[in-house]
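Protein chains in written order, with the working numbering: chain A, 92 to 235; chain B, 8 to 457.
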Amino acid sequence: MIAESMYQELILEHYKHPQGRGLREPYDAEVHHVNPTCGDEVTMRVRLTEGGKVDDMSYDGQGCSISQASASVLHELTAGQSVAESLVLIEEFTRLLQGRGKVEADEAVLGDAVAFAGVAKYPARVKCALLSWMAFKDAVARAG
Amino acid sequence: MTRANPAAEAVRATAQTVDSGTPPQPAIPPLDVDAIRKDFPILSRLLPGGRPLIYLDSGNSSQKPVQVINVMREHLEEHYANVGRALHTLGSESTDAYESARDKVAEFIGAPARDEVVFTKNASEAINLVARSFRGRSEPAAGFGDERFRLGPGDEVLISEMEHHSNIVPWQMLCERTGATLRWFGVTDEGRLDIGDLDELLNERTKIVSLTLQSNVLGTVNSISPIARRARQTGSLLMLDASQGVPHMPVDVVETGADFVAFTGHKMLGPTGIGVLWGRAELLDAMPPFLGGGEMIETVSMEGSTYAPVPAKFEAGTPPIVEAIGLGAAVDYLSAVGMPSIKQYEQELTRYALDALQDVPTLRIIGPSNPISRGGTLSFVLGDIHPHDVGQILDDEFGIAVRVGHHCARPLHRRFGIPATTRASLYLYNTRDEIDALVRGLHHVRTIFG
């Protein structure tokens, strides 16, 4: 069935066991993003090192499995990345999700996040997957 | 009449033996759902992958029978022209068809006069029309100074916590514009309107009460008579949002005791783009026009204009002609099936669905668990599983269309401490088999996300 291409095992795994969830101190910036169409929301904090790396990304929120799992995957992927690397990652993820299922994902950049490729075929769910990623981009800009 | 009908005699005899204390009621004919389903072409289409469609989203918008589709096509092919102003044959045929749709709607809802039926774009527009008819105390009356439609600080508007945003926002806007105070009835844990403090909430300061006849989330059918009685005592106007009521039960606007009733065509087998405002003639006459434009005028000069009588006063511009005619055909269809039969069928189906859903662990119905005074709108939460995930799996793996989210009733969801629900909403073409499929689908959803 079609939904199986969206609800990948990896997504369900992150949904059931979210990584890095919960707001932590200290942090350099905090943002709150909402998806008004479905009420999903995320609060995100970012802490950067002096060398411009992501020291910690912590988050809390509510929403569907896609929005929750994508925050968890983002946490794993950005840990220890430089801000520049994380922005490349976000750009590639955004390109994949907004590609209406017609974009070939760059696995070398996206890693586990390629599991969300199936979501791109569901326009109503793209915002769910992007919610925390957009929040992260915002938070990094404010922290920098 | 000399010859008795043996079957009818038998029914009467049975009715009398069962309950001899009250006069026998004529039995409501049962509804033939198999025959009805054949009238709805979309119900036999297949979804991608060859899956049959199970449509449980009629509270959002209903499907259309071939009778409505044909009438609309025929009008476009044979009779279409603008209404009201064209003197040629087509103009006259089109006007006749448009105005006869008004007659049909008027009869369907028991309106005392056809001119009390105003065609609008939808129910939202009908409610906005009434809300915009009120003027602040400092605004110029401009010929429409009826005290019942003037308000300001100290005056009140009364709604409820179970309203659709369409019956909240226009009143918030009115209160912001005039300085009046918005108040609302609460909702009980069981999902019923809480009228415990009716006499305090609905008082001499209340200019208008606007309530839903049937909740689009809870399914609750509100008892209007105590509110109408109190509104008469306090001299307040009463409006009903009957968008979820008129499609599902016989509604006689006079019997409701309301002054205004709004509903929409697309939820009652008609097309989108057409709604209805019914209002008591004397009130509609006293109200200022809503939108200015063609057809709503009597005379226009550069210095000023005078307005047409109702309903034209409220129908500025070219109306949704084919849509109104389609609504007339939908009314014909519903009347032929019989609204009492539809109500009875949906009540049985709702009872069945409420029972069947109880079998799903962690499922909690938001709304009355008892099918009495309740329609076939079944909103629920399934443990911690987000409704978007529930709806996605139901659609993709079972071909079941439900609605997920807050259903344009966010305050009501907050009242129950939840961000969203999954909603299955039933209509005359749904079956027990489809409810069984829903239950199977929900069990499957739990295995994926549990």
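All C-beta atoms, glycine included, are put in the ideal place defined by N, C-alpha and C. From a predicted model like this one, the values you see are computed outputs, not experimental measurements.
task: Compare the C-beta of Tyr98 (chain A) with all C-beta atoms of chain E and state if any pair is closer than 8 angstroms.
output: No chain E is present in this structure, whose protein chains are A and B.
- request: Starting from the beta carbon of Ser156 (chain A), find every residue of chain B whose beta carbon is closer than 7 angstroms, and list them in chain order.
  value: Position 65 of the first sequence, counted from the first residue, corresponds to residue 156 (chain A). Chain B residues near Ser156 (chain A): His393, Asp396, Phe456.
task: For the beta strand (DSSP E) containing Leu94 (chain B), list its first residue and its last residue.
output: If you number the second sequence from 1, residue 94 (chain B) lands on position 87. Note, Leu94 (chain B): premise wrong, no beta strand (DSSP E); not H, not E.
message: Please list, in chain order, the chain B residues whose beta carbon lies closer than 7 angstroms to that of Gln153 (chain A).
response: One-based indexing of the first sequence puts residue 153 (chain A) at position 62. Result: Pro426.
message: In the DSSP assignment, the beta strand (DSSP E) including Val409 (chain B) goes from what residue to what residue?
response: As a working note, residue 409 (chain B) is residue 402 in the second sequence. Here Val409 (chain B) belongs to no beta strand (DSSP E), and DSSP marks it neither H nor E.
- request: Tell me whether the beta-carbon of Ile373 (chain B) lies closer than 8 angstroms to the beta-carbon of Ser386 (chain B).
  value: As a working mapping, residue 373 (chain B) is identified with position 366 in the second sequence. As a working mapping, residue 386 (chain B) is identified with position 379 in the second sequence. For Ile373 (chain B) and Ser386 (chain B), yes; Cβs fall inside 8 angstroms.
message: If I measure Cβ to Cβ from Gly91 (chain B) and keep anything under 7 angstroms in the same chain, skipping five residues before and after, which residues do I get?
response: In the second sequence, counting from the first residue as 1, residue 91 (chain B) sits at position 84. Thr102, Glu302.
message: Classify Ala20 (chain B): buried if its beta carbon has 16 or more other beta carbons within 10 angstroms, exposed otherwise.
response: Residue numbering aside, residue 20 (chain B) sits at position 13 when the second sequence is read from its first letter. For Ala20 (chain B), the pLDDT reaches just 40, beneath the cut-off of 50, and the residue's location in the model is therefore unreliable, although a value from the coordinates is still provided. Burial call: exposed.
- prompt: Do the CB positions of Ala170 (chain A) and Leu101 (chain A) come within less than 8 angstroms of each other?
  reply: Counted from its first residue, the first sequence places residue 170 (chain A) at position 79. Counted from its first residue, the first sequence places residue 101 (chain A) at position 10. Result no, Cβ atoms of Ala170 (chain A) and Leu101 (chain A) do not sit closer than 8 angstroms.
message: Please classify Lys274 (chain B) as buried or exposed, where buried requires at least 16 other C-beta atoms within 10 Å of its C-beta.
response: As a first step, residue 274 (chain B) is located in the second sequence; it is residue number 267 there, counting from the start. Classification of Lys274 (chain B): buried, given that the 10 Å Cβ count is 16 or more.
task: Report yes if the C-beta distance between Pro318 (chain B) and Asp153 (chain B) is below 8 angstroms; otherwise report no.
output: Taking the first residue of the second sequence as position 1, residue 318 (chain B) is located at position 311. Taking the first residue of the second sequence as position 1, residue 153 (chain B) is located at position 146. No.
- request: Sort B:Pro296, B:Leu356, B:Leu389 by Cα distance to Asp366 (chain B) and report the nearest one.
  value: Here residue 366 (chain B) is taken as the residue at index 359 of the second sequence, counted from 1. It is B:Leu389 whose Cα lies nearest to the Cα of Asp366 (chain B).
message: With a threshold of 7 angstroms on Cβ separation, who are the neighbours of Thr323 (chain B) within its own chain once the five nearest residues in sequence on each side are excluded?
response: Here residue 323 (chain B) refers to the residue found at position 316 when the second sequence is read from its first residue. Contrary to the premise, residue 323 (chain B) reads as Ala rather than Thr in this sequence. Cβ within range, chain order: Leu298, Gly299, Gly300, Gly301, Glu302, Met303.
- prompt: Excluding the five sequence neighbours on either side, which residues of its own chain have a C-beta within less than 7 angstroms of the C-beta of Thr9 (chain B), listed in chain order?
  reply: The count along the second sequence starts at 1 and reaches residue 9 (chain B) at position 2. Per-residue confidence for Thr9 (chain B) stands at a pLDDT of 40, beneath the threshold of 50, marking its modelled position as unreliable; the derived number appears in the next sentence. Answer for Thr9 (chain B): no residue qualifies.
- prompt: How would you call Lys111 (chain B), buried or exposed, if buried means at least 16 neighbouring beta carbons within 10 angstroms?
  reply: Numbered from 1 along the second sequence, position 104 holds the residue referred to as residue 111 (chain B). Classification of Lys111 (chain B): buried, given that the 10 Å Cβ count is 16 or more.
- request: Could you confirm whether any beta carbon from chain B is found closer than 8 angstroms to the beta carbon of Met92 (chain A)?
  value: Within the first sequence, the letter at position 1 stands for residue 92 (chain A). No answer about Met92 (chain A) holds up, because its pLDDT of 49 lies below 50 and its placement is not dependable.
message: Does chain B have any CB closer than 8 angstroms to the CB of Leu201 (chain A)?
response: On the first sequence, position 110 is the one that residue 201 (chain A) refers to. No, its Cβ sits nowhere closer than 8 angstroms to a Cβ of chain B.
query: In or out: Pro245 (chain A) buried (at least 16 other Cβ within 10 Å) or exposed?
result: The structure shown does not extend to residue 245 (chain A), since chain A is modelled only from 92 through 235, so no value can be given for it.
- prompt: Along the chain, which unbroken stretches of the beta strand (DSSP E) at least 3 residues long are found entirely within the stretch 320–379 of chain B?
  reply: 370–372
query: So, is Leu201 (chain A) buried or exposed, given that buried needs 16 or more other C-beta atoms within 10 angstroms?
result: The residue you call residue 201 (chain A) lines up with position 110 of the first sequence. Flag for Leu201 (chain A) reads buried.
message: Relative to the C-alpha of Ile379 (chain B), which candidate in B:Ala113, B:Tyr359, B:Gly203, B:Gln240 has its C-alpha closest?
response: On the second sequence, residue 379 (chain B) is found 372 positions in, with the first residue counted as 1. Looking at the Cα atoms, B:Tyr359 is the closest of the given residues.
message: Short of 7 angstroms in beta carbon distance, which residues of its chain neighbour Glu168 (chain B), apart from the five on each side in sequence? Order them along the chain.
response: The sequence position of residue 168 (chain B) within the second sequence is 161, counting from 1. Correct list, in chain order: Trp191, Phe192, Gly193, Val194, Pro418, Leu419, Arg422.
field: Three-state secondary structure (DSSP) of Pro316 (chain B)
entry: Within the second sequence, residue 316 (chain B) is the residue found at index 309, counting from 1. If DSSP states are grouped into helix, strand and coil, Pro316 (chain B) belongs with coil.
- request: Return the chain-ordered list of same chain residues with a C-beta closer than 6 angstroms to the C-beta of Gly501 (chain B), the five sequence neighbours on each side being excluded.
  value: In this structure chain B extends from 8 to 457, so residue 501 (chain B) is not present and cannot be described.
query: How about Ala269 (chain B) and Leu284 (chain B): are their beta carbons less than 8 angstroms apart?
result: In the second sequence, residue 269 (chain B) corresponds to position 262, counting from 1. In the second sequence, residue 284 (chain B) corresponds to position 277, counting from 1. Cβ distance < 8 angstroms, so Ala269 (chain B) and Leu284 (chain B) count as in contact.
task: Output the distance between the C-alpha atoms of Asn210 (chain B) and Pro316 (chain B), rounded to the nearest integer angstrom.
output: Along the second sequence, read from residue 1 onward, the residue named residue 210 (chain B) stands at position 203. Along the second sequence, read from residue 1 onward, the residue named residue 316 (chain B) stands at position 309. For Asn210 (chain B) and Pro316 (chain B), the distance between alpha carbons rounds to 32 angstroms.
message: Is Ser101 (chain B) close to chain A? Criterion is C-beta to C-beta, closer than 8 angstroms.
response: Position 94 of the second sequence, counted from the first residue, corresponds to residue 101 (chain B). Not one chain A Cβ lies under 8 angstroms of Ser101 (chain B).
Rounded Cβ spacing between Gly213 (chain B) and Ser243 (chain B) (contact assumed at less than 8 angstroms): On the second sequence, residue 213 (chain B) is found 206 positions in, with the first residue counted as 1. On the second sequence, residue 243 (chain B) is found 236 positions in, with the first residue counted as 1. Here the sequence assigns Thr to residue 213 (chain B), which means Gly is not the residue at that position. Yes, they are in contact, since the Cβ atoms of Thr213 (chain B) and Ser243 (chain B) sit about 4 angstroms apart, within 8 angstroms.
- prompt: Any C-beta of chain A sitting closer than 8 angstroms to the C-beta of His413 (chain B)?
  reply: Indexing the second sequence from 1 puts residue 413 (chain B) at position 406. So yes, His413 (chain B) belongs to the interface.
query: Between which two residues does the beta strand (DSSP E) carrying Gly282 (chain B) extend?
result: Walking along the second sequence from the start, residue 282 (chain B) turns up at place 275. Taken as a continuous stretch (DSSP letters only), the beta strand (DSSP E) holding Gly282 (chain B) covers 282–286.
task: Please state if the CB of Ala162 (chain A) and the CB of Ala230 (chain A) are separated by a distance shorter than 8 angstroms.
output: Position 139 of the first sequence, counted from the start, is the residue given in the question as residue 230 (chain A). Position 71 of the first sequence, counted from the start, is the residue given in the question as residue 162 (chain A). Their beta carbons are not under 8 angstroms apart, which means Ala230 (chain A) does not touch Ala162 (chain A) by this criterion.
Ala269 (chain B) - containing alpha helix (DSSP H), residue span: As a position in the second sequence, residue 269 (chain B) is number 262, starting the count at 1. Looking at the DSSP string, Ala269 (chain B) is not in any alpha helix (DSSP H); the run it does join, the beta strand (DSSP E), is 267–271.
task: Taking C-beta pairs closer than 9 angstroms, name the residues in chain B that Leu221 (chain A) reaches, listed in chain order.
output: The sequence position of residue 221 (chain A) within the first sequence is 130, counting from 1. Within 9 angstroms Cβ-Cβ: nothing; Leu221 (chain A) doesn't reach chain B, min ~14 angstroms.
- request: Rank B:Cys415, B:Asp403, B:Glu100 by C-alpha distance to the C-alpha of Pro59 (chain B) and give the top, closest one.
  value: The residue labelled residue 59 (chain B) in the question sits at position 52 within the second sequence. Out of B:Cys415, B:Asp403, B:Glu100, B:Asp403 has the C-alpha closest to the C-alpha of Pro59 (chain B).
task: Pick out whichever of A:Glu104, A:Lys107, A:Gly142, A:Cys155 has its Cα sitting closest to the Cα of Ser223 (chain A).
output: Here residue 223 (chain A) corresponds to residue number 132 of the first sequence, with the count starting at 1. For Ser223 (chain A), the nearest C-alpha among the options comes from A:Cys155.
- request: Report the rounded CA-to-CA distance for Val409 (chain B) versus Lys228 (chain A), giving the unit in angstroms.
  value: As a first step, residue 409 (chain B) is located in the second sequence; it is residue number 402 there, counting from the start. As a first step, residue 228 (chain A) is located in the first sequence; it is residue number 137 there, counting from the start. Distance between the alpha carbons of Val409 (chain B) and Lys228 (chain A) is about 34 angstroms.
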